[in-house]
Structures are given as structure tokens and as C-alpha cells.
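Working notes, structure below.
Residue numbers (our numbering), protein chains in the order written: chain A, 197 to 542; chain B, 197 to 542.
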């Protein structure tokens, strides 16, 4: 199978998308990979799979590659003798953050009729925005951490007790996030968060909370990952962060009861189906007093959470054959024909 | 000002989008109009403004026009001697229903850096889906009609009293909508609605409810239309429907108290700002026992609700100078450079 990897984008997570994309070479070994890079200024470039490495992008050398145009049915190179389509079977959307997770890529792939693995645009809109994720969870009967919402132009008053955690509603990878221990620190943390977004949510900071990650997808049958208990550190330096997005080896399952595991998986399925069909997502849960709370949905997780699955590549292949189909709308101009014939009679 | 009108699309409302687009010639008289048609199979065509009429599309004659490619900065014609950009100052998204109202056009215009009048991506996702509109209204403290949600694969049980109204969550222009007077009619109405969508909402049908429409936008200042009390008829035949999307003459304000008018406008502003900045929308409200309930948001109203505004063209010009700007993200590869220098040291 030939899998196109779409990565980069105009996103704060542009660089870690490059890291995620390179990692795919190590975990999709039986597939042919076709790398399509979205530059910071949103041009498409075909990148040679044999030569891909992070320096190609930081040096600007990628610009020597072929530039692509997005048209009905796929990506094309344009030349003196017409345009030529880039061949692949399915496209994997691996743009983290803006462009990839906010629904732009999904919208474009849907519009131009390109088969793609990614949350569809509604699923993107609901999971990219942490406030909308709360609405979604509530409508599905899934509990979340309590929150308050602040807007850039509104009052800066909160009523919950400290410590709290401040999050811009639309960013991933902890960008703009602060833990605030007392009221005196609130203003500065909000200044930081509002640098990145006009909307912010405030949640209680639960020190030492039990956290579990569950990834999965639906390929006709459920394919759920192991449940992971992620290791926590207050700060990750760049090398550890790099490691996190370039992970390619299996991790161990969390040491939890069958009952808890089962409850986590039931909750994951509630969130995933049917909104997230066509995508591989990771949900991060908190467990507080035996209650499962959704912390966040990662619509395009780092390195696609490959390290949580026993057969990641097989799953990608199966998913590419189980993608949601757009409803066919036939347009036959009945309505305009009727108007014309009515006018003719008048 | 040169305004590009984007219309058509792969939508059940393709034909009425054509009608809306043609109407713009009558109400944007001082502007130069550049017509860009999206065919049912989602190709872009430049349409001659002097020759536009509904037959051009129903006959397929539009295919003789120039085909366009969407690229960074705009739409281009491709020829032997390179590509040439189609000139315009701002694009007006006039695709009703799928493609236009669901966020696809907004995503593409944003991605390709084209100035456009339309709800942005998140606003589209929230207003195109009637269930998400309920979440949005609730979060803003705006009341809506009570509802129950049914999914295609779920139970077909409702607990509210008849008569009820059944609506597919994602369609406009009353497509797939039925009024159900008793339980015996429910199954058939649901069959009809599920033909169009996998998700349906059920609301009480309030016979003779007072209905008011308010359109508007924010161009630096608020520009609100008159409040209209739409005329109701049980069924609109195709000529009346055509009239409705080709309206170009002013209507009278609803005969209501200043207090009610004021409350409707305050509610409109709550919904519009800041989510809908950059767009002209129409909100349809019910008034029940002096309480204002949001019925629906029309993110791209028929003929842009031009007939409700005293100076529609001036407003479009002002809005085109007050469009939201995307946040600038600078990508300097700091992170990848650091990894490379750390690797060098190792």
C-alpha cells in the first residue's frame, strides 16, 4: 500500500509534525511512503522518502523538491506538458495543531475527494477546541474536569479554588499552559495564554492525578490500543519532547484492574463512534475517586500513538479500507428547469 | 470594489445558490462582480458576469468557461505560458448547505490566504449542525426550543408530546423536515429524515408560534438589519421558493415593541460576537411567552438577506475591510536546530 504522509503546516507544532512524520518510516515498513510537506507559508512539496531528515526542512533545502497543486482527486505536479498526479492509495494527515487538527486538512481532502485518515471536519472542530470538547463529552454522557471559561475581552475573575491550570482552548502540546498556585499569579498566566488564543479555560489542578491514555480506531471492528499510564515530569526538555514524538517501540500496559480498563475502553468508544470514524485518536483520561474524566482528545496524536498498538501498520491498512464515505448528492437542475418552464408558460 | 461570488457546490442547495448568486447583480450595483462557480463535481469555473443566468448551469454550458485552480493567494487560470491570477478584492461565500455552510469553503479560503466574507471554520461547524447550535446557544446563555436527539442506529423512542417536528441536523431549507402529529407517523418521518442525515433532532411543533428574523454583522460597528416577521405558509411551491432566494427589495419592519426588538438584537449580538466575525448571518427566533428562543442560525442566508438592510452594498464594502486576521505563526526551526546541535555534541 502506498501511503501519503501529509505533514508540516502553519502550526506552532510544525516542527514536531516533522518528527512524527520521520518516525513513520520506522513503523510503516511494509508500505510505500509518499511524503507531502506543507511549508510554513502553505505551499505543498513532494519530499524524497529516501532523503527525508529534519535538516532538509530547517535548511530550506526542501524547496528544491517538486511543488504540488491540490486539485480534484489528488496532488499534481505541473509542467510544460500538463499536470501529473502523485500516486498513493490513502493520505495520512499528520499535521499537529493548526491546519491539521482544526479541520482545514479534513475539509480540503473531503472537497477534493482524496481518501484520508484523519478526524473529519466536525470531529476536528469539536476536538481542537477544548471548550467544544466539553460540550461534546457532556452530550455523550462522558464526564470531564470542571471548568470556567474566560475570553480575552471579558472579566478576569474565576470562582474556583487554587491551584488551577490555565489552557488556551485551541492549542496542543502544552503551549501557553500554566499552573497557577494563587491569585497573584493569575494575571501573568492569563497574559501568556491570551498571547496564543482569545479563549481560555481554567480547571482545578489536581496534583498527582492518575492519568491513562487510550488510543484506537474502528476498522469495521474495534481496534483498541493498550491502556498506557504516561510518565509524568514537571518539565520536558527538548530532547525528551523529541523522544516523545519519535517513539516507535512498544510500551507496557498500565497495571490496572480489568474493570477500570474496561470502563476506560467503553468511554473511549462512546467518544469515538461515530464522530471520529476514519481516524486514529488518543484520548487522555483522569481517574478521580474511581470516576473516569475525559481530559482531552488528541485528534492527531504524536507519531500516531503507534507505540501503543501491537500491529500499527496492519491497522492503518485496515482503516484505509474502512473510511467513511461522503453522501452522494445528485444535482439534476430539476428546480431550475421547473422555473424555466413556468416562465415559458407565463 | 471587485467582489468574487463563490456559488454552486456539492450541496442539496446547489440550485438555490445559483439563484442567490444571480440576485447579487441586482443589489451589488456599484461593485465589479467576479463569478466563480463550483460545479456539482467540485471543479471551479469562471463565469462571465454579463452572461450569467440560471440556464447557463442547467444546460452545462458553463463548462465552456475557464477552469480555475485554487492556490496560495487565489484562483488561477492555467495556460501554456504559466498561470494567471483572477483579480478580486474579497470573496463572498454564497454556497448554501454542504461545502459552503459546513466549513469547507472557510477552511480553504483560510488555508490559501484569500480574504473572504463567510463564517469562519468553527462558526460554520457550530451553526451547520443543529445539535451543536444548541450546545453553542446554551454556553452563551441563549435559550432554544427543547429537543431530543436520535441517531440512525439508535432507538426510535421519543418522550415529548405530539405534535413534533423532525429535522436532520445538518441541512437547511427545510430538506427532510416533517411535522409529526402522532406516534403512528413517527417512523415514516424518521425514515425520510435519515435519508438525508445520520442524526436527527426532534422538537415540539408549536403551531402559530411568533417568529422573527434578525440579520447583521460587525464591521467595526454593529450593522443590524430591521427585524422581520416572516410570512408563513404550510407549503412553498417552487416559484415562491425561487422568490424567496431571489428577493432584492426591502421589506417592512415587524410591528413589535421597542423592548422586544431590543431583546432580539441583544440576543443576536451574543450569538454573533466574536465567533461569527467576518460574516453576515441571519438568526431566526421564536417568541414564546415573551421569551426569546433561538430557532436557527443561517450562516449563509438566502440572497444574503440583502432585503433586510438599508445599505447592503455599503455594508459588504465595510465588512470586507474588517475581516478577522489569522494569527501569525513564525516557524524558525529552533527546536530542530537544538536537536541537531545536541546530537552534534554527543
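Note that the Cβ used here is the ideal one computed from N, Cα and C, for glycine as well. Here the structure is a predicted model, which is why all the values come from computation and not from measurement.
- Taking a 10 Å sphere around the C-beta of residue 415 (chain A), we find 16 or more other C-beta atoms and assign the residue as buried.
- Contacts between residue 208 (chain A) and chain B, judged by CB atoms closer than 9 angstroms, involve 525 and 527 in chain order.
- Counting every other CB atom within 10 Å of its CB across the protein chains shown gives residue 529 (chain A) a total of 16 or more, marking it as buried.
- Sequence-distant Cβ neighbours of residue 502 (chain B) in its own chain, meaning closer than 6 angstroms and more than five residues away, are 223 and 508.
- Taking the Cα of residue 393 (chain B) as reference, the smallest distance to any Cα among B:301, B:367, B:469 and B:376 is reached at B:367.
- Our two residues, residue 301 (chain B) and residue 232 (chain B), have alpha carbons roughly 13 angstroms apart in a direct line.
- DSSP places residue 395 (chain B) in the uninterrupted beta strand (DSSP E) bounded by 395-400.
- Taking residue 395 (chain A) as the centre and dropping the five residues before and after it, the same chain places the C-beta of 347 and 365 closer than 6 angstroms to its C-beta, in chain order.
- Residue 201 (chain A) sits close to residue 290 (chain A), with the two beta carbons spaced by under 9 angstroms.
- Residue 292 (chain B) is positioned such that its CB atom lies closer than 9 angstroms to that of residue 496 (chain B).
- Distance from the CA atom of residue 474 (chain A) to the CA atom of residue 298 (chain A), rounded to whole angstroms, is 16 angstroms.
- Among the residues facing chain B, residue 315 (chain A) is not included, as its CB has no counterpart in that chain under 9 angstroms away.
- Taking 8 angstroms as the cut-off between beta carbons, the residues of the stretch 222-251 of chain B near chain A are 236, 237, 238, 239, 250 and 251, in sequence order.
- Nearest to residue 203 (chain B) by C-alpha distance, out of B:523, B:242, B:225 and B:424, is B:242.
- Distances from the CA of residue 511 (chain B) to each of B:313, B:248, B:358 and B:387 were compared; the closest alpha carbon is that of B:313.
- DSSP places residue 422 (chain B) in the strand class (E or B) of the three-state scheme.
- Per DSSP, the continuous alpha helix (DSSP H) segment holding residue 384 (chain B) begins and ends at 382-392.
- Taking a C-beta distance under 9 angstroms as the contact criterion, residue 334 (chain B) and residue 331 (chain A) qualify as a contact pair.
- For residue 260 (chain B), the closest alpha carbon among the candidates B:239, B:279 and B:280 is that of B:239.
- Residue 462 (chain A) sits exposed, since fewer than 16 C-beta atoms from the chains shown fall within 10 Å of its C-beta.
- Assignment of residue 292 (chain B) by DSSP, reduced to helix, strand and coil, places it in the coil class.
- In the DSSP assignment, residue 217 (chain B) falls within the unbroken alpha helix (DSSP H) covering 210-223.
- Residue 499 (chain A) is outside the set of residues whose beta carbon lies under 9 angstroms from a beta carbon in chain B.
- By the criterion of a C-beta distance shorter than 6 angstroms, residue 305 (chain A) is surrounded in its chain by 312, once the five residues flanking it on both sides are discounted.
- Contact annotation, residue 464 (chain A) with residue 410 (chain A): C-beta distance approximately 5 angstroms; criterion of less than 8 angstroms satisfied.
- Chain A has no Cβ within less than 9 angstroms of the Cβ of residue 385 (chain B).
- Counting every other CB atom within 10 Å of its CB across the protein chains shown gives residue 352 (chain A) a total below 16, marking it as exposed.
- In this structure residue 423 (chain B) is in contact with residue 449 (chain B), their Cβ atoms being roughly 6 angstroms apart against a cut-off of 8 angstroms.
- Between residue 338 (chain A) and residue 466 (chain A) the beta-carbon gap is near 6 angstroms, inside 8 angstroms, which marks them as a contact.
- Identification of residues in the stretch 274-292 of chain B having a C-beta nearer than 9 angstroms to some C-beta of chain A yields 274, 276 and 279, given in sequence order.
- Residues of chain B whose Cβ lies closer than 7 angstroms to the Cβ of residue 298 (chain A) are, in chain order, 317.
- Between the alpha carbons of residue 327 (chain B) and residue 275 (chain A) lies a distance of about 47 angstroms.
- The Cβ of residue 478 (chain A) sits no closer than 9 angstroms to any Cβ of chain B.
- Between residue 214 (chain B) and residue 253 (chain B), the CB-CB gap stays under 9 angstroms.
- Under a criterion of Cβ atoms nearer than 9 angstroms, no residue of chain B is adjacent to residue 340 (chain A); the nearest Cβ is some 13 angstroms distant.
- Residue state for residue 287 (chain B) is assigned as strand, using DSSP reduced to three classes.
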